[in-house]
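Here the first sequence stands for residues 8 to 547, numbered as in my numbering. Idealized CB from N, CA, C, for every residue including glycine. Encoded as structure tokens, the structure appears first; notes follow it.
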Amino acid sequence: MHIVVDRRPDGVALIDDDGAVELVAEASLAQAVREREVEHPRWVWTDTAQWYPPLLRGGVRVERCHDLRLVDALLAAIAGRPARREWGRAPAAPRGDTLFELDGATDAAPQLAAPTIWAQQRAAMAAHADPARLTLLAAAESAGALTAVEMQCAGLPWSATAHDSLLTELLGSRPAAGARPARLDELAAEVERLLGVGPVPIDSPPALVATLRRAGIEVATTRSSELKRIDHPAIAPLLEYKSLSRLHTANGWNWLDEWVHDGRFRPTFVPGGVVTGRWASDGGGALQLPRQVRGAVQADEGWALVVADAAQLEPRILAALSGDAAMARAGAGVDLYAGIVASGAVATREHAKVGMLGAMYGGTTGVSAQVLPRLARSFPQAIGFVEAAARAGERGERVSTRLGRTSPAPSRSWREGQELASSEGSGEAEGRAARSAARSWGRFTRNFVVQGTAAEWALAWMAGVRRRLWTNDGTPLEAQPHLVFFVHDELIVHSPLHRVDEVQQALTAAAADAGRVVFGDTPVSFPVTVAAVQRYSDAK
DNA sequence: AAGCCTAGCGCC
DNA sequence: AGGGCGCTAGGCTT
Numbered sequence: 008m009h010i011v012v013d014r015r016p017d018g019v020a021l022i023d024d025d026g027a028v029e030l031v032a033e034a035s036l037a038q039a040v041r042e043r044e045v046e047h048p049r050w051v052w053t054d055t056a057q058w059y060p061p062l063l064r065g066g067v068r069v070e071r072c073h074d075l076r077l078v079d080a081l082l083a084a085i086a087g088r089p090a091r092r093e094w095g096r097a098p099a100a101p102r103g104d105t106l107f108e109l110d111g112a113t114d115a116a117p118q119l120a121a122p123t124i125w126a127q128q129r130a131a132m133a134a135h136a137d138p139a140r141l142t143l144l145a146a147a148e149s150a151g152a153l154t155a156v157e158m159q160c161a162g163l164p165w166s167a168t169a170h171d172s173l174l175t176e177l178l179g180s181r182p183a184a185g186a187r188p189a190r191l192d193e194l195a196a197e198v199e200r201l202l203g204v205g206p207v208p209i210d211s212p213p214a215l216v217a218t219l220r221r222a223g224i225e226v227a228t229t230r231s232s233e234l235k236r237i238d239h240p241a242i243a244p245l246l247e248y249k250s251l252s253r254l255h256t257a258n259g260w261n262w263l264d265e266w267v268h269d270g271r272f273r274p275t276f277v278p279g280g281v282v283t284g285r286w287a288s289d290g291g292g293a294l295q296l297p298r299q300v301r302g303a304v305q306a307d308e309g310w311a312l313v314v315a316d317a318a319q320l321e322p323r324i325l326a327a328l329s330g331d332a333a334m335a336r337a338g339a340g341v342d343l344y345a346g347i348v349a350s351g352a353v354a355t356r357e358h359a360k361v362g363m364l365g366a367m368y369g370g371t372t373g374v375s376a377q378v379l380p381r382l383a384r385s386f387p388q389a390i391g392f393v394e395a396a397a398r399a400g401e402r403g404e405r406v407s408t409r410l411g412r413t414s415p416a417p418s419r420s421w422r423e424g425q426e427l428a429s430s431e432g433s434g435e436a437e438g439r440a441a442r443s444a445a446r447s448w449g450r451f452t453r454n455f456v457v458q459g460t461a462a463e464w465a466l467a468w469m470a471g472v473r474r475r476l477w478t479n480d481g482t483p484l485e486a487q488p489h490l491v492f493f494v495h496d497e498l499i500v501h502s503p504l505h506r507v508d509e510v511q512q513a514l515t516a517a518a519a520d521a522g523r524v525v526f527g528d529t530p531v532s533f534p535v536t537v538a539a540v541q542r543y544s545d546a547k
């Protein structure tokens, strides 16, 4: 049962599968949705990020939806056309701002109504080589969109007091606006003293490189990794300065003022915001919360944070994708890398880890490259799978995830570079540039299949957790266990203490389900580590 | 002043 | 000569 939500000049039309139309005023939409929700429909609408927040603020939860904008992005990538724009615009949108724009129609063409787009998408999905998987992906993507809105609405519990203490501890008390914290002043002075060449432009990388060189420190950049290799007394305080300066500028008091209100951090999550299908975030750097500040993420009194992390998700995804039975066996325990060592393929856990990451990212140097041949001997299917994805990318082909998300085609300039290099009389330089570009795109497609499929697994996991925690009995979301955070392979549920066991069970069971949902019958396991804590920093 | 780019660092 | 991001500061151009 679907209900298409369509904005009309005179209100919002709710259209069911029989074509019955209920027209409701925008102001009474929440009430209408609440009443229809008892039928457990799948709401079909242009954009969850636009439609859902007002409903949720009105206390109305939606169990399932089909997000036309997100599915359009999937279908566009598959068809190799640009995605549509201008979703959910009011009919009074200015001339030219129509959905038809990209189809080459004139601006006299009517804006496509949601029912029309829905019909087109159903047809496109039915015509796909694997409609079942694509339908699953559409549902998972849409469930993610609902969850993203709910997580923003609930917010991540954040203690401004703890954050302030932590900053004061590390940086000194809060400085006046625009001023530098005392600890940073001290460190800058220390660096200056130890370099002994006058003023040090510590915040300007190019100028700092020049100053370091004047002090006899031969560096090409001011990157920490490069500085770490240098033996000089000024380096330690410089590195500490960089780390604390970063904390201050990225997650200091200004960040706290801007992003934390009423004990909650409410970032905007952007499902499908990354080309691989991973989520992105908008504002607050939500997906890059440094470990330094995770002590400020604190459960409410009487509540806990249930933090769950999928163990070595990407290599497990690769094992399942490629059907590599040996790697599945290595992953039988909680630690896949230990399993690889136990299999005899490599000597240490670190080698296993670096080697697998290198295989999935396309690393060609160092330990990663050294152990790759050993991994390839022990796990030929897994390694062969990513190698094939890389070769496809190098040829300019597109690749797909397990559920059918398709990588973009390489750019025109990329293709032109390849053609130029293979044309008659092409020079050495063009050839080198083209091979470099080809390998680079191959690294992208190599990673795309793994990262993208891991994103699908994570969506399935999240949807499973949400379903298990689901209630729609009128209890506010924030009065029961609810998802508050997601980062690629990690979920946090804020839960009343007396329901923590049940939440842990939900996180674990949903992970096992996700493997079956995405891969069907697979020997690969997807264990999660789960910890109930008061502070996020206590989780690992 | 605003927009864009680069360097650098945080996360997965 | 390692994939994907977001964000900030400095420094340039417009």
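Under three-state DSSP, which class holds Ser407?
-> Numbered from its first residue, the first sequence carries residue 407 at position 400. Residue state, collapsed to three classes: strand.
In chain order, which alpha helix (DSSP H) runs of at least 4 residues are fully inside the region 502-541?
-> 507-526
In three-state DSSP terms, what is Trp50?
-> If you number the first sequence from 1, residue 50 lands on position 43. Of the three classes helix, strand and coil, the one that applies to Trp50 here is strand, per DSSP.
Under the three-state reduction of DSSP, which class applies to Pro122: helix, strand or coil?
-> Taking the first residue of the first sequence as position 1, residue 122 is located at position 115. Reduced to three states, the DSSP call for Pro122 is helix.
C-alpha gap between Ala126 and Ile10, whole angstroms | Stepping through the first sequence from its first residue, residue 126 is reached at position 119. Stepping through the first sequence from its first residue, residue 10 is reached at position 3. Approximately 13 Å between the Cα atoms of the pair.
Could you check which residue in Val12, Met8, Val31, Arg15 has the C-alpha nearest to that of Asp25?
-> Along the first sequence, one-based indexing puts residue 25 at 18. With distances taken between Cα atoms, Asp25 lies closest to Met8.
Secondary structure, beta strand (DSSP E): runs of 3+ residues fully inside the region 308-346 | Counting whole runs of 3 or more residues, the region 308-346 contains the beta strand (DSSP E) stretches 310-317.
Any 3 or more C-beta pairs closer than 8 Å across the region 138-149 and the region 247-264 | no
Would you identify the three-state DSSP class for His135, choosing helix, strand or coil?
-> Numbered from 1 along the first sequence, position 128 holds the residue referred to as residue 135. The DSSP-derived three-state label of His135 is coil.
How many Å lie between Arg298 and Lys235 at the Cα?
-> For the purposes of this step, residue 298 is taken as the residue at position 291 of the first sequence. For the purposes of this step, residue 235 is taken as the residue at position 228 of the first sequence. Spanning the two alpha carbons is a distance of roughly 20 Å.
For Leu490, which residues does DSSP report across the bridge?
-> Translated into positions along the first sequence, residue 490 becomes position 483. According to DSSP, Leu490 bridges with Val500.
With a CB to CB cut of under 6 Å and the five nearest residues on each side skipped, what residues in its chain are close to Leu219?
-> Counted from its first residue, the first sequence places residue 219 at position 212. Closer than 6 Å at the Cβ level, and outside the excluded window around Leu219, lie Val226.
Would you mind working out which of Ser544, Ala183, Arg402, Glu423 sits nearest Ile499, comparing C-alpha positions?
-> Locating residue 499 in the first sequence gives position 492, where the first residue counts as 1. The residue with the shortest Cα to Cα distance from Ile499 is Ser544.
Classification of Arg419 by the beta-carbon crowding that lies within 10 angstroms, buried from 16 upward = For the purposes of this step, residue 419 is taken as residue 412 along the first sequence, with counting starting at 1. Answer is exposed; the Cβ neighbour count stays below 16.
Chain-order list of residues whose beta-carbon lies under 6 Å from that of Ala131 (same chain, five-residue window excluded) | Counting from one through the first sequence, the residue named residue 131 turns up at place 124. Leu82.
Would you identify the three-state DSSP class for Asp264, choosing helix, strand or coil?
-> In the first sequence, counting from the first residue as 1, residue 264 sits at position 257. Correct three-state label for Asp264: helix.
Nearest to Arg15 by CA position, among Ala32, Ala195, Asp23, is which residue?
-> In the first sequence, the residue the question calls residue 15 occupies position 8. Nearest of Ala32, Ala195, Asp23 to Arg15, Cα basis: Ala32.
Inspect the beta-carbon positions of Leu294 and Val494 and report whether they are closer than 8 Å.
-> The residue given as residue 294 occupies position 287 in the first sequence. The residue given as residue 494 occupies position 487 in the first sequence. The answer is yes: Cβ separation under 8 Å.
Length of the line joining the Cα atoms of Gln38 and Arg323 | For the purposes of this step, residue 38 is taken as the residue at position 31 of the first sequence. For the purposes of this step, residue 323 is taken as the residue at position 316 of the first sequence. Spanning the two alpha carbons is a distance of roughly 44 Å.
Three-state secondary structure assigned by DSSP to Val204 | Position 197 of the first sequence, counted from the first residue, corresponds to residue 204. Here Val204 sits in coil by DSSP.
Should Val268 be labelled buried (16 or more other beta-carbon atoms within 10 Å of its own) or exposed?
-> One-based indexing of the first sequence puts residue 268 at position 261. Note on residue identity: the sequence assigns His, not Val, to residue 268. Exposed, because fewer than 16 other Cβ atoms sit within 10 Å of the Cβ of His268.
Could you give the distance in angstroms between the alpha-carbon of Asp316 and the alpha-carbon of Thr536?
-> Taking the first residue of the first sequence as 1, we reach residue 316 at position 309. Taking the first residue of the first sequence as 1, we reach residue 536 at position 529. Near 5 Å, if we compare the C-alpha coordinates of Thr536 and Asp316.
For the alpha helix (DSSP H) that contains Arg474, what are its first and last residues?
-> In the first sequence, the residue the question calls residue 474 occupies position 467. It spans 435-476 - the alpha helix (DSSP H) in which Arg474 sits, taken as one unbroken run.
CB of Arg506 within 8 Å of CB of Gly449, strictly = As a working note, residue 506 is residue 499 in the first sequence. As a working note, residue 449 is residue 442 in the first sequence. No, they are not a contact pair.
What are the boundary residues of the alpha helix (DSSP H) that Arg356 is part of?
-> Position 349 of the first sequence, counted from the first residue, corresponds to residue 356. Where Arg356 is concerned, the enclosing alpha helix (DSSP H) stretches over 356-368.
With 16 as the cutoff for other CB atoms within 10 Å, does Pro278 come out buried or exposed?
-> Taking the first residue of the first sequence as 1, we reach residue 278 at position 271. With 16 or more other Cβ atoms within 10 Å, it is buried.
Under 8 Å, do Ala389 and Asp331 count as touching if we go by C-beta distance?
-> Here residue 389 corresponds to residue number 382 of the first sequence, with the count starting at 1. Here residue 331 corresponds to residue number 324 of the first sequence, with the count starting at 1. A contact, by the Cβ cut-off of 8 Å.
Can you have a look at Lys360 and say buried or exposed, based on whether 16 or more other CB atoms are within 10 angstroms of its CB?
-> Taking the first sequence and counting its residues from 1, one reaches residue 360 at position 353. The C-beta of Lys360 has 16 or more other C-beta atoms within 10 Å across all chains shown, which makes the residue buried.
Determine, using beta-carbon pairs with one atom in the region 441-461 and one in the region 366-380, whether at least three such pairs fall under 8 Å.
-> yes
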